[in-house]
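Residue numbers (numbering that gives the first Met the number 0): 0 to 50. For each residue, glycine too, the CB sits at the ideal point set by N, CA and C. Some notes on the structure that comes next.
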Amino acid sequence: MSNIQNAIKERILVLDGAMGTMLQRYNFSEQDFRGEGFKDFRHCLKANNDL
């Protein structure tokens, strides 16, 4: 743990998890990805797990 704490003091650390893989299990539709915020967006958003 002290190695991580020292690294945090020296630089930016990135935690890379498997959230996108977990979301794919739900098989969301295009409408699920759009929601209210992107309802009029011109491009396909399906599988854009960064939303």
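By alpha-carbon positions, which one of the options ends up nearest to residue i?
i, options, result
"H42", "R33, I11 and D15", "R33"
For residue i, which three-state DSSP category applies?
i, result
"M0", "coil"
"R41", "coil"
Kindly give me the distance between the Cβ atoms of residue i and residue j, rounded to whole angstroms, as I take these residues to be in contact under 8 Å.
i, j, result
"N48", "L22", "5 Å"
"E29", "L44", "7 Å"
"L14", "A6", "Going by Cβ atoms, the distance from L14 to A6 rounds to 12 Å, so no, they are not a contact pair."
Subject >> Every unbroken alpha helix (DSSP H) inside the segment 3-27 [4 residues or more] >> reply: 18-23
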